[in-house]
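> Line by line, the protein sequences are chains A and S.
Position 103 of the first sequence, counting from 1, maps to 102 under numbering that gives the first Met the number 0, and the rest follow consecutively.
Position 270 of the second sequence, counting from 1, maps to 269 under numbering that gives the first Met the number 0, and the rest follow consecutively.
Ideal Cβ placement from N, Cα and C applies to all residues, glycine included.
Here the structure is a predicted model, which means the values were calculated and not measured.
The structure follows.
There are 2 protein chains.
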Amino acid sequence: MVEAAHGLASHGDQVVLVLFGMVVVLLGAKLGGELAVRLRQPAVLGELAAGIVLGNLALVGLPQLDSLKSSASLQLMAEIGVILLLFDVGLETDMHELLAVGWSATIVAHLGVIAPMLLGYGVTAVFLPESPWYVHLFSAATLTATSVGITARVLQDLNQMETREARIILGAAVVDDVLGLIILAVVAGMVTSIGGGGGAVLEWKPVALIVLKAAAFLVGAIWVGRRIHINALKIAQSFRVQGVTLVLAVCYCFALAALAGWLGLAPIVGAFAAGLVIADDDYAAYQARGIRPVAELIKPLTAVFVPMFFVLMGLKVDLHVFGSTSVIGLAAALTVAAVIGKQVCGFGVIDKGVSRVAVGVGMIPRGEVGLIFTGIGAALSVQGKPVFDSSLISAMVVMVLLTTVMTPPLLQAVFRRR
Amino acid sequence: MVEAAHGLASHGDQVVLVLFGMVVVLLGAKLGGELAVRLRQPAVLGELAAGIVLGNLALVGLPQLDSLKSSASLQLMAEIGVILLLFDVGLETDMHELLAVGWSATIVAHLGVIAPMLLGYGVTAVFLPESPWYVHLFSAATLTATSVGITARVLQDLNQMETREARIILGAAVVDDVLGLIILAVVAGMVTSIGGGGGAVLEWKPVALIVLKAAAFLVGAIWVGRRIHINALKIAQSFRVQGVTLVLAVCYCFALAALAGWLGLAPIVGAFAAGLVIADDDYAAYQARGIRPVAELIKPLTAVFVPMFFVLMGLKVDLHVFGSTSVIGLAAALTVAAVIGKQVCGFGVIDKGVSRVAVGVGMIPRGEVGLIFTGIGAALSVQGKPVFDSSLISAMVVMVLLTTVMTPPLLQAVFRRR
């Protein structure tokens with residue numbers, strides 16, 4: 000009898016766990032965010048800290064919440080959160096003003112890839128002299144990543160989205176994502192080739208393919224997508240069913256994010272692009288009928304989902320990595336290289352009156368992109384030995400954590416000073 | 000090299016599929032909803048139809064979308080959708096006005112369980128005379144379920160949430176959920192006992208436990224929960240971080256839904272209760288500061304998630320069941336029993352000036368609850384033979400589908416006539 004009653008209950012078991020997880024994550028986000036705001040810090044720093052606390056309660060004998068880390072459902076909500084965040088950021092960004100800083104953004108992105116690579120190669124070559132050169136190269140590649148989610152969120156928290164600095168950082172982050180993909184394909188391809196017994200062969204075809212796909216997406220899909228969206232909006236003007244504007248906007252955002260992901264780009268690049276090409280005028284006919292603008296309708300969705308992304312990012316931080324003193328030196332050196340490398344970006348700003356320090360600081364966080372590179376470095380192996388051994392992995396995780404956590408206060412200090 | 004690039008891409012693969020699925024489901028929902036509205040039907044009927052079409056494209060040689068049916072992620076979004084719907088419905092319902100029709104709701108719920116049970120037992124006893132009596136009993140139990148989601152949504156679509164009929168139906172649905180749990184526990188317990196070689200033993204302890212848990216939840220948890228929520232709101236009044244009202248309301252809804260699910264009740268009962276006990280006044284201090292009321296902030300969330308529930312409900316309908324002529328007779332008889340059984344409900348209305356037909360029609364849809372009962376009937380077996388054989392399962396699925404799809408037009412016709 001009890002089993003039968005459980006039969007009905009088990010229908011809800013999975014849902015119950017996810018709901019409970021969402022409650023814990025969201026309450027943690029708001030408490031952490033409030034604490035950060037009281038300490039005159041951006042709210043996102045508190046959300047990250049709340050995640051780190053919730054994820055490491057096992058250290059003080061409370062391992063009950065550890066299941067939150069491995070929940071695929073919460074992870075999905077978090078991914079939807081960061082996609083909605085970048086869509087929202089795109090909505091707040093004027094495309095023509097972004098294109099106006101296009102050259103600066105492109106140069107910033109390239110400098111922000113070259114400098115961290117050189118410094119990263121140097122650091123591992125000094126700290127791990129007995130390692131083969133491709134280990135240094137993969138470390139160098141890992142340092143190029145930029146996690147635009149953190150910076151975009153801090154700029155929102157600080158109400159600085161309208162500044163030219165913000166536009167340059169966002170534009171550079173899009174270019175950076177494409178460059179990162181190319182570098183990953185080249186470096187991982189060379190390592191795989193060495194692992195297969197060949198030399199460090201450089202195949203140009205896959206690289207050309209990535210460049211082509213990215214270019215096709217950024218130019219073609221966005222404009223075609225915009226045409227489709229605008230026409231869908233026109234057709235839907237005669238619709239009587241409720242909620243059409245928001246659902247069409249969300250579908251447009253998700254479709255471009257999915258397309259970007261399908262092409263191997265980050266889904267958030269697609270979401271940002273979707274928001275970017277939507278103009279306020281597109282919805283004029285709807286607003287005349289008293290329907291609120293999409294930028295406003297999207298806020299309740301971002302209020303619930305965006306904090307989940309940052310709490311879950313914090314949840315994945317395992318404070319044990321700080322326990323191994325052997326990696327602290329390497330981790331510190333990598334972090335310094337990561338920070339200085341992105342400061343070089345600032346020199347790429349050719350527009351006048353723009354804070355180069357702000358741009359450089361905005362490019363610092365490695366976030367989830369750095370973790371993905373680290374994960375691939377751990378998975379690739381040459382002659383049975385993984386490219387990244389456990390201490391290098393730990394050092395990279397510490398670097399990702401420190402660059403992510405230092406950005407909100409640094410960025411706030413830089414923007415406050417202006 | 001290609002594998003390595005895929006390593007990065009695979010991070011997004013799962014997300015890409017879910018995003019794509021959401022786009023298809025949401026666009027289908029809006030197109031179906033619009034078609035229904037044009038045909039002067041509630042939008043929800045079009046969402047169900049859109050799901051049925053999307054789920055049966057394999058019949059016309061397009062099986063590509065069949066993966067939508069088995070996506071656990073989309074299912075989770077749908078469950079969150081129906082939870083938010085019932086929370087929203089609870090927000091729109093005044094608790095004191097609901098309690099004012101409490102006696103009617105209680106009698107309606109009891110009649111709506113007894114009458115379908117008697118009719119259901121009779122139908123299977125006539126159509127399947129060679130089956131043992133516990134098969135008839137389980138069929139009878141399956142006919143008692145009420146899926147309040149459909150009715151609540153139709154009442155919203157028709158702007159009839161403020162009527163006494165709506166309150167009686169919603170109140171009865173809550174009582175019905177508890178009664179259904181008790182019946183399931185009793186009947187499934189008897190079948191398990193027979194299957195184990197014993198007689199039709201009736202254990203009272205688990206039944207008493209269910210009643211106790213349900214009572215404790217409905218009275219205790221809701222009032223304690225309300226106290227906690229009100230106090231959280233008071234503390235959060237001094238918060239400077241954004242989005243506190245909506246996040247607290249969502250957390251409160253999800254927490255009570257999770258608690259209900261954990262106790263074996265339907266999570267939507269918890270969500271409805273959470274919305275019910277929130278009063279407009281609770282947010283007075285926030286609204287004085289220009290923050291929109293929760294009932295308004297929740298709308299963008301329901302606009303995106305609620306249609307997913309109804310499209311996914313339609314997606315699960317396998318039109319093949321209509322192909323087997325052998326079950327059509329039994330299915331038709333069960334459907335008639337299911338409809339007439341709930342019409343008897345109307346006689347339970349003791350308030351004056353209330354349409355008994357409207358209450359009876361509102362209780363018709365069996366929806367996902369009927370499918371859960373059917374699934375348990377298929378899973379339980381006596382002497383190696385499942386209680387529900389494949390033709391009985393098909394007949395039950397047809398009954399669930401027909402009662403669910405007939406409710407929106409019937410309910411609209413009844414309310415239009417008044």
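Taking only the alpha-carbon atoms, compute the straight-line gap between A:R163 and A:C344 and give it to the nearest angstrom.
Distance between the alpha carbons of A:R163 and A:C344 is about 15 Å.
> Listed in chain order, which residues of the region 101-122 of chain A have Cβ atoms closer than 8 Å to some Cβ of chain S?
The residues in question: there are none.
> Taking S:A256 as the reference, give the member of S:P41, S:I82, S:G20 with the closest Cα.
Comparing Cα-Cα distances from S:A256 to each of S:P41, S:I82, S:G20, the minimum goes to S:I82.
> Here's the rule I'm using: 16 or more other beta-carbon atoms within 10 Å means buried, otherwise exposed. How should A:G148 be labelled?
Result: buried.
> Tell me whether A:Q306 sits in a helix, a strand or coil according to DSSP, three-state version.
Before going further, note that residue 306 of chain A is Pro rather than Gln in the sequence given. Three-state result, A:P306: helix.
> Use the C-beta contact count for A:T402: other C-beta atoms within 10 angstroms, 16 or more gives buried, fewer gives exposed.
Label assigned to A:T402: buried.
> If you measure between the beta carbons of S:S72 and A:L16, is that distance less than 8 Å?
Going by C-beta atoms, S:S72 is not nearer than 8 Å to A:L16.
> What did DSSP end up calling S:S380 once you bin it into helix, strand or coil?
In the structure shown, S:S380 sits in a strand (DSSP, three-state: E or B).
> Quick one: which residues of the region 219-247 of chain S get their C-beta closer than 8 Å to a C-beta of chain A? List them in chain order.
Here the close residues are A235, F238, R239, V240, Q241, G242, V243, L245, V246, L247.
> Would you grab the beta carbon distance between A:A368 and A:G179 for me? Rounded to a whole angstrom, and I think it's under 8 Å.
The displayed chain sequence assigns Val, not Ala, to residue 368 of chain A. Contact holds; Cβ gap of about 7 Å.
> Does the beta-carbon of A:T150 have 16 or more other beta-carbons within 10 angstroms, so that it is buried, or is it exposed?
With 16 or more Cβ atoms within 10 Å of its Cβ, A:T150 is classed as buried.
> Which residue or residues does DSSP assign as beta-bridge partners of S:P385?
In the DSSP output, where bridge partners are listed per residue, S:P385 has S:S380.
> Just to confirm before moving on: does the CB-CB distance between A:P115 and A:A336 stay below 8 Å?
Cβ distance < 8 Å, so A:P115 and A:A336 count as in contact.
> Less than 8 Å separating the beta-carbons of A:V85 and A:F216?
Checking the sequence shown, residue 85 of chain A turns out to be Leu, not Val. Their beta carbons are not under 8 Å apart, which means A:L85 does not touch A:F216 by this criterion.
> 8 Å is my cut-off, CB to CB: does S:S72 come that close to chain A?
Closer than 8 Å: yes.
> Measuring CA to CA, which of S:V14, S:P408, S:E96, S:S103 is closest to S:K351?
Among S:V14, S:P408, S:E96, S:S103, the Cα nearest to that of S:K351 belongs to S:S103.
> Apart from the five residues on each side of it in sequence, which residues of its chain come closer than 7 Å, Cβ to Cβ, to A:L154?
Excluding positions up to five away in sequence, the list reads M160, A165.
> For A:P266, would you say it is in contact with chain S, using Cβ-to-Cβ distances shorter than 8 Å as the test?
Yes, its Cβ sits closer than 8 Å to a Cβ of chain S.
> Quick check on DSSP: helix, strand or coil for A:S130?
Coil at A:S130, not helix or strand.
> In whole angstroms, give me the CA-to-CA distance for S:V381 and S:G119.
C-alpha separation (whole angstroms): 20 Å.
> By DSSP, does A:T373 sit in helix, in strand, or in coil?
Reduced to three states, the DSSP call for A:T373 is helix.
> Can you list, in chain order, the residues of its chain with a C-beta nearer than 6 Å to that of S:P306? Leave out the 5 residues immediately preceding and following it.
Cβ within range, chain order: A28, E46.
> For a contact defined as C-beta to C-beta under 8 Å, what are the partners of S:L300 on chain A?
P299, L300, V303, listed in chain order.
> Does any C-beta atom of chain S lie closer than 8 Å to the C-beta of A:K29?
So, interface residue.
> On the premise that A:T406 lies in contact with A:G364, defined as a C-beta separation below 8 Å, what is that separation, rounded to the nearest angstrom?
Per the sequence shown, the amino acid found at residue 364 of chain A is Pro instead of Gly. That belief holds up - the Cβ atoms of A:P364 and A:T406 are roughly 4 Å apart, short of 8 Å.
> Quick one: grab the DSSP three-state call for S:E33.
If DSSP states are grouped into helix, strand and coil, S:E33 belongs with the helices.
> Please list, in chain order, all residues of the same chain as S:I79 whose beta carbon is under 8 Å from its beta carbon, the five residues on each side excluded.
Correct list, in chain order: F304.
> Could you tell me the distance, in whole angstroms, from the CA atom of A:I113 to the CA atom of A:V36?
Cα-Cα distance, rounded: 35 Å.
> Report yes or no: is there a C-beta of chain S within less than 8 Å of the C-beta of A:E78?
For A:E78, the answer is yes, since a Cβ of chain S falls inside 8 Å of its Cβ.
> Within the 8 Å Cβ cut-off, does S:L178 reach chain A?
Answer no: the Cβ-Cβ gap between S:L178 and chain A never drops below 8 Å.
> Buried or exposed for A:P62, please, with buried defined as at least 16 other CB atoms from any protein chain shown within 10 angstroms of its CB.
Burial call: exposed.
> By the criterion of Cβ-Cβ separation under 7 Å, what are the contact partners of S:W261 in chain A?
Per Cβ cutoff of 7 Å: V15.
> Just verifying my parser: in three-state terms, what is the DSSP assignment at S:S72?
It is helical.
> Flag this pair as yes or no: are the beta carbons of A:V310 and S:A254 separated by less than 8 Å?
Not in contact: A:V310 and S:A254 (Cβ atoms no closer than 8 Å).
> In three-state terms, what does DSSP make of S:I363?
Of the three classes helix, strand and coil, the one that applies to S:I363 here is coil, per DSSP.
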